[in-house]
């Protein structure tokens, strides 16, 4: 284990304050006990949330901008960064922020949007700056429950000319589930790949000859990396990952390594809300080229979303729950839904589920939609706050330690790797260097609750989602289509068993 | 006055309080835990009793369970879901099922994502080809429509089930199929309370037509030209003139078509019944044709132009000839007619409550209520969900389906039902700034129906194309006949304006448990 000192050093460097104590969360926070998602207590909580949302909306009607001003006042980024806050509360505030409908006082849109006679919206994005095409996050994240997916009507048209839908890249909003877990998994894979690279470079140097290695992490093969004795790397044999060996699990094309980067960019391109986090990192193409560095979109609102509220959003997103893999077994007779309607029969889908699982592997789906990856450590590093222990804090269902795999099994149904999906799926724009046909394997967890499917939402059902596979997915598609109908049925039942856990809400 | 002005200080005080606590932040020792979201906290007053809560929860879970079960069945045996989500004509004829069954079934149909094998979409394509996937048209193609959606709920879920559409869900109607600027944008309105609205419109139409007929009779009897003011439910629709020969002169009729049929559906008020708007929406948004349309095309009663170039039994050339039968439309209409009515939810914060009360009065005082008439009275709450000519399937919009329902005025016998819709169901000229790119049928570009404001809080963004993110922006964008009311709003002091906004934001819908 020669890597341990190096890892320690890296850890110290990343904290950038080795002498000092690394920040941790304050220990005196009341434990947030979240009720089971469908329970009277959860129902009460949902009513409370709805009442609060209504009251906040009334407050906002009275004094536009009041909500964000109060958010900024209540959340001091330095305190949050030092861990002097309670994660559960932070996440609750983040949820409120997630649900907030932005207005001009908040900084909605850019430029003279507030006074434009036809309104501030632009349904097709104009370049990297974006729209905006909406006023809130749930606008496109609602299908299948809170923080859910988008409908086909919510499809964004990225990087277009601002006018025609064909000029942009159609993108279907994915469900926001277990983002923290996904980021943690990808970070472990990145660390692992980069360690293999370091080992390769050292081996090549020691041997004084070219060396190559097969990069494999968590059972996923990322191709071949070659190194010369002088440390020059040949990345041409890599598959599904950038030469920097950073696994980027966010975005349909796998363009970002952290959900915070994603959220900051989404707020800008979809609502025109510019966070301080984005101001610090994004280019003028994304931000707008206004003269005031604190207001590059030129709408007259400076500091639209500070690091305090952004940290709340981060906490909310980090702790979102995991979907479940659960065949439907109806073992008790239910009453009919109404007089004279037939009652649902008692039936079990467990057999179809098992058969479908076998078919899922046999047809080759599991080659990319790898059912399970093992997360070694539940600690999630995010900007702006101490590391988060997901196992302790995330919403249920969450991570569970499994001694059989020496870690936390994550049933995400993806290899977090990019694949060539063929000409039928080619995009119009190269996004952050990712080739037109390349897409990240979408995670199938919760797939039952996220129709329509595919990156452009053109598939209303699983059959069409499968039919839309091309390129590296063509063989599995053909294998599915060649299955006898009862096997197709079983496979569908299996996929429909990948669902989000029902949750009581008051919309 | 002092109390009325006190609410902004509550907000300010909260902010100061929060800022004040932060001023202490530079200390070394950690302070005791103060919930950082204290100003966002609320008490439990809004929660129903335990018994009610548990019952509501069970109902929500049952609905979810039924949906889950049906979609599993559908996975195992494709087609099951749609079958379970539809009542057939024979089933309706047998009349064994009540309004409640229709409601449950219609709810499922409303959430169903239609597929090409159901007749979704149009145009000749090789649907059997390997790799065939549907093609969405976000911008519609002339009168042929999109399709731009797979299901009804894709554009009617904001603020809860059967709600409005978000800004992204705007329809781009009668466009060139590509450029958003070529189209007439429409923000999907909320679907709550449509049953009472259809019935109100019917009663108003009957009243207007009776007035016109009476004027005609009088002119004939008296042998003179008779001028008659047209008024329905207190709303003035201009004047009609009857000539001695019985012919009518409609030139002074206002805000309604010359057939004196009040059409309350669509942003411009172009459809009179739920059946018609549902049929039109299925075609434009999902490429689904009803049997009625196909038969009308066959009989030459309808121009096939907007529907396609195929033979009458598959006009839209998608290889499916039975797409939407009459029973399916009845299922949808019967469902929609049973939806709840929106309600008013005044603020709980005492300062805001004062602003709200003042705003409610100001709303009338400055003339908003002249078009956004707060209440219209409905005499008969019975709506037949079926096609005329078939045995009726009657929905009582004051009783059937989800509450809250419209109610009669308290304490009076045989009173009409009060519908607090905040509309006169009349068309008005809204001025050039809000005008559509072009006229819609006979309705000029600048003319729109007074949008009912009930449920408003849950339906941002506002106006026909959703260009207004807030109520304030929406008011400011009023023009034409509403210019005076808008100017009156702008002439008010900020606290009076805020009161109006708070009042409007209290027009909401009842909070309800739901398991999506």
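Protein chains in written order, with the working numbering: chain A, 242 to 748; chain B, 8 to 523.
Backbone N, C-alpha and C define an ideal beta-carbon position, used for all residues, glycine too.
All figures in this text were calculated on a predicted structure; none of them were measured in a lab.
Residues in the stretch 511-523 of chain B with C-beta within 8 Å of chain A's C-beta atoms, listed in sequence order?
Hits within the stretch, in order: 511, 512, 513, 515, 518, 519, 520, 521, 522 and 523.
Tell me, please, whether the CB atom of residue 557/A is closer than 8 Å to any CB atom in chain B?
Taking the first residue of the first chain as 1, we reach residue 557/A at position 316. With 8 Å as the cut-off, residue 557/A does not count as an interface residue toward chain B.
Which residues, in chain order, does the stretch 680-696 of chain A contribute to contact with chain B at a C-beta distance below 9 Å?
So the list reads 689, 690, 692, 693 and 695, given in the order they occur along the chain.
For residue 463/A, is the classification buried or exposed, using 16 other Cβ atoms within 10 angstroms of its Cβ as the cut-off for buried?
Walking along the first chain from the start, residue 463/A turns up at place 222. Buried: at least 16 other Cβ atoms inside 10 Å.
Backbone secondary structure at residue 424/B - three-state DSSP
As a first step, residue 424/B must be located in the second chain, where it is residue number 417. The answer is strand: DSSP assigns residue 424/B an E or B state.
Of the residues that make up the stretch 280-295 of chain A, which ones have a beta carbon closer than 7 Å to any beta carbon in chain B?
Listed by position along the chain: 281, 284, 285, 287, 288, 289, 291, 292, 293 and 295.
Using a Cβ-Cβ distance cut-off of 8 Å, determine whether residue 103/B contacts chain A.
For the purposes of this step, residue 103/B is taken as the residue at position 96 of the second chain. Residue 103/B counts as touching chain A.
Check whether the Cβ of residue 185/B lies closer than 8 Å to any Cβ atom in chain A.
Taking the second chain and counting its residues from 1, the one referred to as residue 185/B is at position 178. Yes, residue 185/B lies at the interface with chain A (some Cβ there is under 8 Å from its Cβ).
What residue does the alpha helix (DSSP H) around residue 491/B start on, and which one ends it?
For the purposes of this step, residue 491/B is taken as the residue at position 484 of the second chain. That run of the alpha helix (DSSP H) goes 490-498.
Which chain A residues are close to residue 166/B, counting only those with a beta carbon under 7 Å from its beta carbon?
The sequence position of residue 166/B within the second chain is 159, counting from 1. Simply 748.
Mind listing, in chain order, the continuous alpha helix (DSSP H) runs of no fewer than 4 residues lying wholly within the stretch 522-561 of chain A?
Secondary structure within the stretch 522-561 of chain A: the alpha helix (DSSP H) runs of 4 or more consecutive residues, fully enclosed, are 525-528 and 548-559 (chain order).
Residue 384/B, enclosing alpha helix (DSSP H) - first and last residue:
Taking the second chain and counting its residues from 1, the one referred to as residue 384/B is at position 377. That residue, residue 384/B, is in no alpha helix (DSSP H); its beta strand (DSSP E) goes 383-385.
Please classify residue 303/A as buried or exposed, where buried requires at least 16 other C-beta atoms within 10 Å of its C-beta.
Your numbering for residue 303/A matches position 62 in the first chain. In the assembly as shown, residue 303/A is a buried residue. Its beta-carbon has 16 or more other beta-carbons within 10 Å.
Residue 78/B versus residue 114/B: straight-line alpha-carbon distance, rounded
As a first step, residue 78/B is located in the second chain; it is residue number 71 there, counting from the start. As a first step, residue 114/B is located in the second chain; it is residue number 107 there, counting from the start. Roughly 14 Å separates the two Cα atoms.
From the DSSP output, in three-state form, read off residue 506/B for me.
The residue given as residue 506/B occupies position 499 in the second chain. Three-state result, residue 506/B: helix.
Within the continuous alpha helix (DSSP H) that includes residue 216/B, where are the two ends?
Here residue 216/B refers to the residue found at position 209 when the second chain is read from its first residue. Residue 216/B -> alpha helix (DSSP H) spans 201-229.
So, at 6 Å on beta carbons, what are the nonlocal neighbours of residue 381/A in its own chain, with the 5 sequence-adjacent residues on each side left out?
Locating residue 381/A in the first chain gives position 140, where the first residue counts as 1. 391, 395 and 414.
Distance, Cα to Cα, residue 237/B vs residue 217/B?
If you number the second chain from 1, residue 237/B lands on position 230. If you number the second chain from 1, residue 217/B lands on position 210. Using only the alpha carbons, I get a separation of about 10 Å.
Is residue 345/B buried or exposed, if buried means 16 or more other CB atoms sit within 10 Å of its CB?
Here residue 345/B refers to the residue found at position 338 of the second chain. It counts as buried.
Partners in chain B for residue 223/A, counting only beta-carbon separations shorter than 8 Å:
With chain A covering 242 to 748 only, the question about residue 223/A has no answer from this structure.
Using a cut-off of 7 Å between C-beta atoms, extract the partners of residue 593/A located in chain B.
Locating residue 593/A in the first chain gives position 352, where the first residue counts as 1. Residues of chain B passing the Cβ test: 83.
For residue 227/A, which residues in the same chain have their Cβ closer than 7 Å to its Cβ, ignoring the five residues on either side in sequence?
Chain A is shown only over 242 to 748; residue 227/A falls outside these bounds and no answer can be derived.
Consult DSSP for residue 33/B and reduce its assignment to one of helix, strand or coil.
Counted from its first residue, the second chain places residue 33/B at position 26. At residue 33/B the pLDDT is 39, less than 50, meaning the model places this residue with poor confidence; the figure from the coordinates comes in the next sentence. If DSSP states are grouped into helix, strand and coil, residue 33/B belongs with coil.
Tell me which residues of the stretch 236-247 of chain B have at least one Cβ-Cβ distance to chain A shorter than 9 Å, keeping chain order.
Against chain A - using a Cβ distance shorter than 9 Å - the stretch 236-247 of chain B contributes no residues.
Listing by chain order, which chain A residues have their CB less than 7 Å from the CB of residue 155/B?
As a first step, residue 155/B must be located in the second chain, where it is residue number 148. Within chain A, the C-beta atoms nearer than 7 Å to that of residue 155/B come from 394, in chain order.
Interface partners of residue 370/A on chain B, CB under 8 Å
Along the first chain, read from residue 1 onward, the residue named residue 370/A stands at position 129. None at all; the shortest Cβ gap to chain B is about 16 Å.
Below 8 Å CB to CB, which residues in the same chain sit around residue 283/B once its five sequence neighbours on both sides are set aside?
The residue you call residue 283/B lines up with position 276 of the second chain. The residues 272, in chain order, have a CB closer than 8 Å to that of residue 283/B in the same chain once the five nearest residues on each side in sequence are set aside.
CA-CA distance, residue 701/A and residue 308/B?
Counted from its first residue, the first chain places residue 701/A at position 460. Counted from its first residue, the second chain places residue 308/B at position 301. Straight across, the Cα-Cα distance linking residue 701/A with residue 308/B is about 33 Å.
Using a Cβ-Cβ distance cut-off of 8 Å, determine whether residue 358/A contacts chain B.
Indexing the first chain from 1 puts residue 358/A at position 117. It does; some Cβ of chain B falls within 8 Å.
Is residue 71/B close to chain A, meaning its C-beta is less than 8 Å from at least one C-beta of that chain?
Locating residue 71/B in the second chain gives position 64, counting from the first residue. Judged by the 8 Å Cβ criterion, residue 71/B is in contact with chain A.
Alpha helix (DSSP H) runs wholly inside the stretch 611-635 of chain A, at least 4 long, in chain order
Secondary structure within the stretch 611-635 of chain A: the alpha helix (DSSP H) runs of 4 or more consecutive residues, fully enclosed, are 631-634 (chain order).
Quick check on DSSP: helix, strand or coil for residue 518/A?
Numbered from 1 along the first chain, position 277 holds the residue referred to as residue 518/A. Of the three classes helix, strand and coil, the one that applies to residue 518/A here is helix, per DSSP.
On the premise that residue 351/A lies in contact with residue 539/A, defined as a C-beta separation below 8 Å, what is that separation, rounded to the nearest angstrom?
Along the first chain, one-based indexing puts residue 539/A at 298. Along the first chain, one-based indexing puts residue 351/A at 110. Yes, residue 539/A and residue 351/A are in contact; Cβ-Cβ is about 6 Å, under 8 Å.
Does residue 1/B come out as helix, strand or coil in the three-state DSSP assignment?
The requested residue 1/B does not occur in the structure, where chain B is confined to residues 8 to 523.
Which partner residues does residue 165/B have in the DSSP bridge list?
On the second chain, position 158 is the one that residue 165/B refers to. Beta-bridge pairing by DSSP links residue 165/B to 171/B.
Any Cβ of chain A within less than 8 Å of the Cβ of residue 466/B?
Position 459 of the second chain, counted from the first residue, corresponds to residue 466/B. No, its Cβ sits nowhere closer than 8 Å to a Cβ of chain A.
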